[in-house]
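For reference, the structure discussed in these notes is given below.
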Amino acid sequence: MDAISYQRAGDVGAALAEVNRPGVMFIGGGTNLLDLMKGGVMRPMKLVDITHIDALNGVGTLPDGGLRIGALVRNSDAANHAWVRERYPLLSQALLAGASAQLRNMATVGGNLMQRTRCSYFYDTGFPHCNKRVPGSGCAALEGNNRMHAILGASPQCIATNPSDMSVALAALDAVVRVTGPQGERAIPFAEFHRLPGERPDLDTTLAPGELITSVDLPPPLFAQHSKYLKVRDRASYAFALISVVAALQMDGNTVKSARIALGGVAHKPWRASATEQALVGQSLDRATLQRAAALAVQNARPLRDNGFKVALAQRSIVRAIQQAGGVA
1 MDAISYQRAG DVGAALAEVN RPGVMFIGGG TNLLDLMKGG VMRPMKLVDI THIDALNGVG
61 TLPDGGLRIG ALVRNSDAAN HAWVRERYPL LSQALLAGAS AQLRNMATVG GNLMQRTRCS
121 YFYDTGFPHC NKRVPGSGCA ALEGNNRMHA ILGASPQCIA TNPSDMSVAL AALDAVVRVT
181 GPQGERAIPF AEFHRLPGER PDLDTTLAPG ELITSVDLPP PLFAQHSKYL KVRDRASYAF
241 ALISVVAALQ MDGNTVKSAR IALGGVAHKP WRASATEQAL VGQSLDRATL QRAAALAVQN
301 ARPLRDNGFK VALAQRSIVR AIQQAGGVA
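Here UniProt numbering is used: the sequence shown runs in plain steps of one and ends on residue 329.
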């Protein structure tokens, strides 16, 4: 690891003043950033520690009945907060499905949003071809081991997937990411926060240079009674998703009034299955209906040599998650 300098920021203004320089980065829990630094993937010259900024911590209610979660709230604290468990249980489930208890005790909500892909070609600097790490160098995963890679929304420049469990839940909940930076404060709808790779896979999010995540806002709860986060992985703990599914339903008796379906492990960003959501509205949860709706989620899938199994696995997982959310499985 290269020599770096370190500074602790006492407030948001001080943090923004320091990071608005080349080679300077924010650090919270550091559970992802420090790994990337040790591997030589990221080489900041200076770290600005934001963990002592009280304004970025805490969980509070919003005037509309929603919830605001500070960017520095630890993943374990968010998952176990009474308001999150009661009003947004699928978010609690997603947080508890991620990493180990030790990592959840360190990782922050804001840091979780900024996770980099776990593509092995990105992480291993011995592979020269990675457009995410070295723009313009190519994508080794296209012809390499691509079992864990994207089947939706990829580009010839990058087929990496977003690793966050929490973000899949936030995508389904239509959360809003609040940020502040050199140009002031702004609110980013969650669907617009993470990017598809396109021609610039090195850019994971739509954050502008120098911007800092301050909180995540959740709308009023609609799906507390009928929701499920399902994660399918190679081993039962501390593994990233092959496929993950959020199923959140509003039911009118046995009929779906509204639905939110989001997928993880399939794309460069959490993937909302809007066609599946629309196909469920006004329908009962019979298996034939669910199978037809699930097929719509992957109708534009472009599997690779090693990950074609994800197409069928995603459909089965969607059906199972909806059944569990609706209480019919």
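Every residue gets a Cβ at the ideal spot worked out from N, C-alpha and C, and that includes glycine.
Computed from a predicted structure; not experimentally measured.
Query	Result
Stretch-stretch touch, CB-based, cutoff 8 Å, three pairs: the stretch 289 to 302 with the stretch 310 to 322	yes
Spatial distance of Pro220 from Ala208 (CA atoms)	28 Å
Beta-carbon separation (whole angstroms), Thr161 vs Val266, contact threshold 8 Å	7 Å
Own chain partners of Gly198 with C-beta closer than 6 Å, once the 5 adjacent residues on each side are dropped	Ser155
Status (buried if at least 16 other CB within 10 Å, exposed otherwise) for Phe193	buried
Short Cβ contact (8 Å threshold) for Lys46 with Ser5	yes
Cut-off 7 Å between Cβ atoms - residues of its own chain near Gly181, not counting five sequence neighbours on either side	Leu16, Ala208, Gly210, Glu211 and Leu212
Nearest residue (CA-CA) to Val19, options Gly308, Gln7 and Pro89	Gln7
Validate contact between the stretch 184 to 192 and the stretch 223 to 230 using beta carbons, cut 8 Å, 3 pairs	no
Opposing strand residues paired with Lys231 [DSSP bridges]	Ser244
DSSP-derived helix/strand/coil call for Ala97	coil
Contact under 8 Å by Cβ, Val232 with Leu313	yes
Own chain, CB closer than 6 Å to Ser167, minus 5 neighbours either side, in chain order	Pro270
6 Å Cβ shell around residue 378 - same chain, five flanking residues per side excluded	In the structure as shown, the chain starts at 1 and stops at 329, and residue 378 therefore has no counterpart that could be examined.
Every unbroken beta strand (DSSP E) inside the stretch 38 to 110 [3 residues or more]	46 to 49, 59 to 61 and 67 to 70
Buried/exposed call for Tyr238, threshold 16 Cβ in 10 Å	exposed
Per-residue DSSP class, three states only, for Phe26	strand
Helix, strand or coil at Thr214 according to DSSP, with G and I counted as helix	strand
Cα-Cα separation between Glu143 and Ile159, rounded to whole angstroms	11 Å
C-beta atoms of His164 and Gln115 nearer than 8 Å	The sequence given here places Ser at residue 164; His does not occur at that position. A contact, by the Cβ cut-off of 8 Å.
Leu263: first and last residue of the uninterrupted alpha helix (DSSP H) it sits in	Looking at the DSSP string, Leu263 is not in any alpha helix (DSSP H); the run it does join, the beta strand (DSSP E), is Thr255 to Gly264.
Same chain, Cβ closer than 8 Å to Gly327, neighbours up to 5 away in sequence not counted	His226
Extent of the continuous beta strand (DSSP E) to which Glu185 belongs	Gly184 to Pro189
Sequence-distant residues of the same chain with beta carbon closer than 7 Å to Asn57, five excluded per side	Gly70, Leu72 and Val73
Bridge partner(s) assigned by DSSP for His194	Thr205
Burial state of Thr214, where buried means 16 or more other Cβ atoms lie within 10 Å	buried
Whole-angstrom distance between Ile243 and Asp286, CA atom to CA atom	22 Å
Cβ-based neighbour list, Val281, same chain, cut-off 8 Å, excluding 5 preceding and 5 following	Val256, Lys257, Ser258 and Ala259
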